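Residue numbers (this note's numbering): -12 to 1122.
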């Protein structure tokens, strides 16, 4: 049965899957049948065989039915395939017909074009040869119409140019028989003639935009196409209209030219002209000729004139023409006649009127974006110089607002576009949008345009109202100088002053009114508003044009155009420059960004810049722009305003522009005052400040108190600041666990130093100590010259001796680390690099000075003020001038630089360059102040820069590494945050003690006595009497230096002297002095007479602040010996 599979195969379905199923089924049945047949049960076998035979028949029936169905599917598939074949054939036939149609049409067009070209060439051959117009205008019209319809003007530009030349030439003829205008007279062609002219003009416009400025025929094509456009946008040159018989057509033709112009505008003429202008003038070399530039701009102006200067056309003019980089600059240089037209048609006024609408300004700025909006601002500013006071007066406020908003929008745009992938913009700084080729080529000219805004002519124009308001005002009178009696009784008068506040205010108001003619101004009145908006514009320029900041401020400083009138106006706002009014306004406008505050900000920015560049003779003597007392009045106003606004909690952000500007000016004035005072004592203190309240607020972490401490520590009395500093040190010691008491003995560092190697041993053992170890207890063991250990009395005194001796060594000129100014003040030597490891030594010196300050040990080391300023980091301010300090550091160079600054002739005649030659051990080394400085001559224009660069090099660059190393060591011990309480001169007082006269009563109160001496002992009485009555201030300082090694008292009085001052009675030679014994104490205490030690001198142990005084029997002997000892500075040596 297995072999019978083939008999069913013809009935099996054609589908492969069904075939496999049926085959498998038959195989299974055959397999079962074979098994059963092999069995012995014949009956079962027969039955089973019958069953399966029936199954086979059933399966064969199914297969036959499926075969019939399969034949039907085949039939349907064949029918479908036939249908698809017929459809495909139909499509092929259709495509063939389309292709044939296209080919035939193309062949027809080629044939027609050939005929048109032949006809075109035949018609204009004579014109090309002799330039004569002979063809009937209707024929030319028909050829032109066919040409426009069948040809692309760019591909057939030569023939198009011939056609347009012929048409333009024909327009110059009066005869209707040859003039192309004559076609219009034929009613049959009137409408189509107008459309043809529109099409021809639009083509000319597009061809202008497509021209390459690098082509040798660029200007030729520009001249011709612009002539064609000008010809058909104005009928004034149409010769046909000169005939009297056709004069009535003048008005209709004007309407037609207006219509043509409108069509050109609608078809992108302005954008075409923008591209042409960019290619022609916004390049490294201007390729457009003067006549073409004038023609194009005349063409662009016509739509505005025809529309009676509608807002739509003015907007298009702004977006496409006025935004072309340096356009007005080029027009003024090449086409002054056209510039007159701009003024005549009031283009500036109309543009400002449109842009003054805030929504319109946003639309225009968004369309132009940052750089091209800046170009628009440059062109508008350039147009200002064409105006005068009378013409600009009626829209000045709008002009100011538009420029302000444009600049503000540029600032926001730069902020929004900042990213890591930034590009450099020479005016706006860094942001992510790169400059295209046109901007790159013209940005110097755009800068030049924008810079006209702060040149004297423009400043005079826009500040005319300010100058008119202040022309009759007089400067404020000097502040009253308190007499000594008034200073001593100041506290008694405070109560009376408070009671008389109202009358005082009234009197002050009267004085103000007398000091300025006319009615006083106030914030918010029309005059103040106008002036504030002008100042806000300039302040916005200062903030936005970050790369031009110094240039802007320099321009605004020029003469008395802005600063002096603005100062007079501020004084007219009320007592103390309208302090109360500004504080009231700040309560309303807490961000301090109103125009009135921007006026104040601009004044402070500009004056800060001026104060920085003025030398001492200009600041203190010339009286320009202000007298010295006016700086004091201004300083008082700024100091009071900042303090009161911060202390009241109104001003909480020290980063807002108003605070930064006022604080910078205040710092500049205070630096001047510290160096050469122009104010009264305690001028900068604020009486309203209560130190207890400040301390409590600092403990609570109040923001106002933190700002006062960080930004205005000078309003706190110096003594209180020193106490705050000492408290910071004390808290630091508690935190580090280095305060010694009965229960705790802090860890200490023991160092051993040889007397002959103080610096070397000290550096080796202290240079690498951690900050905590350096702040901790340092014990010193001396090894004498014989190599034996010395016995120290206590660790503090021995360390002080080590400190004093080390400092003497490191400041020794022989070590070449430090040099001195003409005033004997020390600063790092520029030649210190000749000493090995000089920077490590500077760091070590910084550590030692820092340790002395940390421990309250005063050392008599007079540092140069500019050096301490750099140690504090205060020289990093943009308003810090190294030139101010140069007079003390190098008087000769300062004199020479001042001579250059005020030189009346041509500075270039002096033969100076931006370089400096230095003599180093007979070898001349040249330093360039700027890259390539040897080849840059000093001129009248750059001499101020040269002077400041030279001062920067001499005062900073030469010693910047040494200063950095010293600062690093100093701050290892003394935290930078603590030092913000003090200025440079005040840090000097921390190091070397107070500058006040020595208070002998305070010293006596804090003196300890040994060896039998006591406060009532006759020798002690004589001593204090001699110091008080017989010694002058210089001798008193010498006495203090003799016993403590420092001629100045501690800042907080002798109570804080470490170790405390003491006097011990001695009766034997220095070498035999074993200290106090019972006999010596009793003899000294009882003043038992003994031989007068007339051969002995007083001696001192400065490391312990100890005076060793013999028990002299006569007052005269004591006076003589003491004066001799301190004069000779005997110290340990004499006995």
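Think of the CB as a built atom: it goes at the ideal place given N, C-alpha and C, for glycine as much as any other residue.
Note that the structure is predicted; figures quoted are calculated from it, not measured.
Cβ atoms of residue 700 and residue 708 come within 8 Å of each other, at about 6 Å. The C-beta of residue 797 has 16 or more other C-beta atoms within 10 Å across all chains shown, which makes the residue buried. Counting along the chain, residue 1087 sits inside the beta strand (DSSP E) bounded by residues 1086 to 1088. DSSP, read as helix, strand or coil, puts residue 283 in helix. For the 8 Å CB-CB criterion, residue 1042 and residue 960 do not form a contact.
Between the region 121 to 140 and the region 169 to 182 there are three or more C-beta pairs closer than 8 Å, enough to call the two in contact.
Under the three-state reduction of DSSP output, residue 416 falls in the strand class.
Residue state for residue 902 is assigned as strand, using DSSP reduced to three classes. For residue 982, the CB contacts under 7 Å within the same chain, skipping 5 residues up- and downstream, are 976 and 1035 in chain order.
Taking residue 397 as the centre and dropping the five residues before and after it, the same chain places the C-beta of 357, 360, 361, 415 and 531 closer than 7 Å to its C-beta, in chain order.
Shown here for residue 140: same chain residues with a beta carbon closer than 7 Å to its own, the five before and five after excluded, namely 147, 190 and 194 in chain order. In this structure, residue 198 places its C-beta atom within 8 Å of the C-beta atom of residue 263. Secondary structure remark: continuous alpha helix (DSSP H) runs of at least 4 residues inside the region 284 to 366, in chain order: 298 to 304, 314 to 321, 323 to 331 and 334 to 342. No Cβ-Cβ contact shorter than 8 Å links residue 749 with residue 786. With 16 or more other Cβ atoms from the protein chains shown falling within 10 Å of its own Cβ, residue 429 counts as buried. With a beta-carbon spacing of about 7 Å, residue 1013 and residue 1105 fall inside the 8 Å limit used to define contacts. Setting aside the 5 residues that flank it on each side, residue 794 is surrounded in the same chain by 835, 846 and 848, each with a C-beta closer than 7 Å to its C-beta; the list follows chain order. Check the Cα spacing between residue 966 and each of 525, 932, 518 and 855: the tightest is with 855. Contact between residue 225 and residue 240 holds, with the beta-carbon distance rounding to 7 Å and staying under 8 Å.
For residue 996, the enclosing beta strand (DSSP E) has its first and last residue at 994 to 997. Inter-residue distance for residue 638 and residue 803 is about 49 Å (C-alpha atoms, whole angstroms). Distance between residue 916 and residue 765, taken at the CA atoms: about 45 Å. Residue nearest to residue 354 within the set 306, 315, 525 and 540 is 306 (criterion: CA-CA distance).
Contact check for residue 523 against residue 582 passes: the beta carbons are separated by less than 8 Å.
Closest by C-alpha distance to residue 679, out of 929, 984, 657 and 703, is 703. Rounded to whole angstroms, the separation of the alpha carbons of residue 819 and residue 861 is 23 Å. DSSP links residue 807 through a beta bridge to 813.
In this structure, the straight-line span from the alpha carbon of residue 767 to that of residue 1090 is close to 12 Å. DSSP places residue 557 in the uninterrupted alpha helix (DSSP H) bounded by 550 to 558. Of all alpha-carbon atoms in 173, 330 and 161, the one lying nearest the alpha-carbon of residue 232 is that of 161. Note on residue 964: under 16 other CB atoms within 10 angstroms of its CB, so exposed under the neighbour-count rule. Under the Cβ criterion (8 Å, minimum of three pairs), the region 327 to 338 counts as touching the region 373 to 385. Residue 1097 is bridged by DSSP to 1053. Taken in chain order, the whole beta strand (DSSP E) runs of length 3 or more contained in the region 970 to 1015 are 994 to 997. In the three-state scheme derived from DSSP, where H, G and I count as helix and E and B as strand, residue 943 is classed as coil.
Partner residues in the beta bridge of residue 741, as assigned by DSSP, are 770.
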